[in-house]
Structure formats: structure tokens, C-alpha cells
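This report concerns only the one structure given below.
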Amino acid sequence: MMKLGIIGTNWITKQFVEAAETTGDFTLTSVYSRKLATAQKFGADFKNVTEYFDNLSEFFEQGTFEVVYIASPNNLHFEQTLQALKAKKHVIVEKPMCSNPAELKVLQKYLHHHPELYCFEAARHFHEPNFQSVKQAVKELPVIQGANLTYKKYSSRYDQFLAGEEPNVFSPKFSGGALQDLGVYLVYDAISWFGIPEDAHYYPVKLRNGIDGSGTAILNYPGYDVVLNVGKTANSYLPGEIYGLKETIVMDNAAELQKVELVDATGNGTMLSVDPAKNPMLAEAKAFGEILRDTDSLQNKQLQQEWLAVAVEVNHVLYKLRQSAGLVFPADEHEVDY
8 MMKLGIIGTN WITKQFVEAA ETTGDFTLTS VYSRKLATAQ KFGADFKNVT
58 EYFDNLSEFF EQGTFEVVYI ASPNNLHFEQ TLQALKAKKH VIVEKPMCSN
108 PAELKVLQKY LHHHPELYCF EAARHFHEPN FQSVKQAVKE LPVIQGANLT
158 YKKYSSRYDQ FLAGEEPNVF SPKFSGGALQ DLGVYLVYDA ISWFGIPEDA
208 HYYPVKLRNG IDGSGTAILN YPGYDVVLNV GKTANSYLPG EIYGLKETIV
258 MDNAAELQKV ELVDATGNGT MLSVDPAKNP MLAEAKAFGE ILRDTDSLQN
308 KQLQQEWLAV AVEVNHVLYK LRQSAGLVFP ADEHEVDY
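Going by the working numbering, the first residue of the sequence shown is number 8, and it counts up by one from there.
In C-alpha cells form, the structure reads like this:
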């Protein structure tokens, strides 16, 4: 069983740790938070935690964990991932792994020179069976005429923003916004199901500080477009749809993928999905655990590299979409290297 360390003590971290421990491959032993009391409060829910840190350098230098899960604000992902790799830790980092392609290129370069290390972007739905079912169904369509994919979810932090504050997820400083936070799921959909688009444009609804609260992205493919609707300031209940000639792939939600059907020309549906796990992060935790159990396996290394290649393409498309909309983060203006 691998010892797990964490950066970030919010609800998503707890959900991942619970999923990771359910697999039997991981046990949480080390917790970092900027406040020691916060780290201790989080760790109290897990029986094997023995190490608490409020100093990040000490966390990496003294922590006995082998794998770290990073769920800090987006702008810190690159820096903390590189720090973890330099400390010889395997990394699972929440999406988006980096703010821009320049940061990701540095990580790729470091990983190339240190092939013994593994690094994963935690885009949870990418590893779920229903995601793969959609991928297979798209592959079997004789004709593709386009898609409309939606993920709009009212953020619990939007009330704070409306009250005049600037929480991380609505801050350019922290590489936040709807596209980076929720749109990344839809870009994973598009890249995995349809390939790399020929062009991409984003039409955001910008909030008072210039961040995108919502927006529509259009990805251009030969002969069709894929439209992505994303937002953190309202809830949408629109299904996702992929259009064949007479058949349509319909999903209840293009990111959560709890129900997927293939609907024929007469309106009859064939269920493609299975019932999802109670913990939506279980599939990715299992996938990471299976690889990290045998890091000497050439097959595992190849699979990790394939996943990283998808993450790279997703990052490039996200960056292109931001550029098309004039969305610039402070992280975009910093030179990075190791």
C-alpha cells in the first residue's frame, strides 16, 4: 500500500482520499496546509495520518509519503508539481495541471529526464466507464455532424464574489474562471471523442474583474463544430448531445456522465451507460493505483504517457480558447524553467 500525502484540505481532497483508500492501493499519511490546525482537523478523519506540515518545503523534504495529491488553487499546480517531482514523489494533480503550455512544457521536460517518476492530471471523468462508452459509440458513428456539450454549475463561491470578494475560482491571479474550472471537462470530452480541433474560439461572459463567469466555446472540426457551454454563475440541466446522421448520443451531463443513451431515428434509446460509483473519483483512483503498483512496467509507463499526451492537448486548446477571448493570467507572463 502506497503512502499518500495531500496539498489542499477542501471537500474535493476528502472525496479523493476516500476514493483512494477504498481502492486498497493508498493510505493517507501526510497532510499539508498553510495552517497546522487545519491539517490536523482534516487528518483526524483518517486513521493512518502521522505527519502534519504547515511548511511546504518540509512537507516534501521530511514527509515519508510516496505519492502526493495536489488540490491547491490552479496557479500553484505547476510550481507544486515541479517541487514534488524534484523531491522524487509521484504526483496526482487536479485539473488543470498547469495554467498554460509553457508551464506544462517544463514538466514534460523534467519527466523526460526522470522517467522513474509518474505524473497524472486528475480529470476524473476521463477514467470512468461511461466516458469510454461514449468514446466507443462516437467511433462507431458512420457520420458525425457535431455536438453540443454543457456543464454549468452554480459555484458555492459565487455568492462571495457577488458580495464584493474575489475567491480563488473567480480570480485571474489564481488562474480561475469557468473555462479553467469546468470547461476543462468538456475539452477533455472533445479531444478524446473527436480529436484535436482545427480551430477554437471562446466567447466569454466576463465578470467585473475580467474573469469568465460563463461562456461558449466553438471547436471547429472538418465538416462539423463542437459547441461547449460552460458556466459557474448558473445551473444548467441541458443534456449533452452528439449528432450522427439519424442517431444521436444523449448524455444527462457531459461531465458527470451518469446516463448515456444512443437514440435512433425513431426515438428509441439503447442504454450505453452503467450505474456510476457512489464516489465519482473512484475510477481515477483505481486507474492511478493500478499503474503505480508497478512503476517498472513498460506498459504502465506507456499508458501514463498517453494520458499525459491528452492532458497536453487539452491544455493547448484551453490556452487557445483563452487567447481568442483575451483572457490573460499573471501566470502567462512569467518565464518558467527548472
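Just so you know, even glycine gets a beta-carbon here, dropped at the ideal spot from N, CA and C.
Note: K213 is bridge-paired with D219 in the DSSP secondary-structure output. S182 and S280 have their C-alpha atoms some 34 Å from each other. The beta carbon of A224 sits closer than 6 Å to those of Y209, L235 and L328, all from its chain and outside the five residues before and after it, given in chain order. Between the alpha carbons of K21 and A290 lies a distance of about 15 Å. Around the Cβ of Q143, a 10 Å sphere holds fewer than 16 other Cβ atoms; the residue is exposed. Note on M278: under 16 other CB atoms within 10 angstroms of its CB, so exposed under the neighbour-count rule. Assigned with DSSP and collapsed to three states, T255 falls in strand. Of the candidates Y165, V176 and I256, the residue whose Cα lies closest to the Cα of G274 is I256. Looking from the CA of Q152, the closest CA among Y76, A130 and V233 belongs to V233. Of the residues L11, E110, Y195 and T302, the one whose Cα lies closest to the Cα of V74 is L11. In this structure, the beta-carbon distance from T157 to G70 does not fall below 8 Å.
Annotation for I13: T20, V38 and Y76 place their beta carbon closer than 6 Å to its own, counting only its chain and skipping 5 residues before and after.
In the displayed model, L35 falls within a strand according to three-state DSSP. DSSP places T157 in the strand class (E or B) of the three-state scheme.
Under the DSSP assignment, V270 falls in the beta strand (DSSP E) whose first and last residues are V267 to V270. The residue among C126, G251, D282 and D271 with its C-alpha nearest the C-alpha of D259 is D282.
In this structure, I218 and A154 do not form a Cβ contact; the two beta carbons are roughly 26 Å apart against a cut-off of 8 Å. Across the structure, V98 and H134 are spaced so that their CA atoms are roughly 17 Å apart. Boundaries of the beta strand (DSSP E) harbouring E101: H97 to E101, taken from the DSSP string. For F201, the uninterrupted alpha helix (DSSP H) segment begins and ends at V191 to F201.
Counting the other Cβ atoms within 10 Å of the Cβ of P204 gives 16 or more, which makes it buried.
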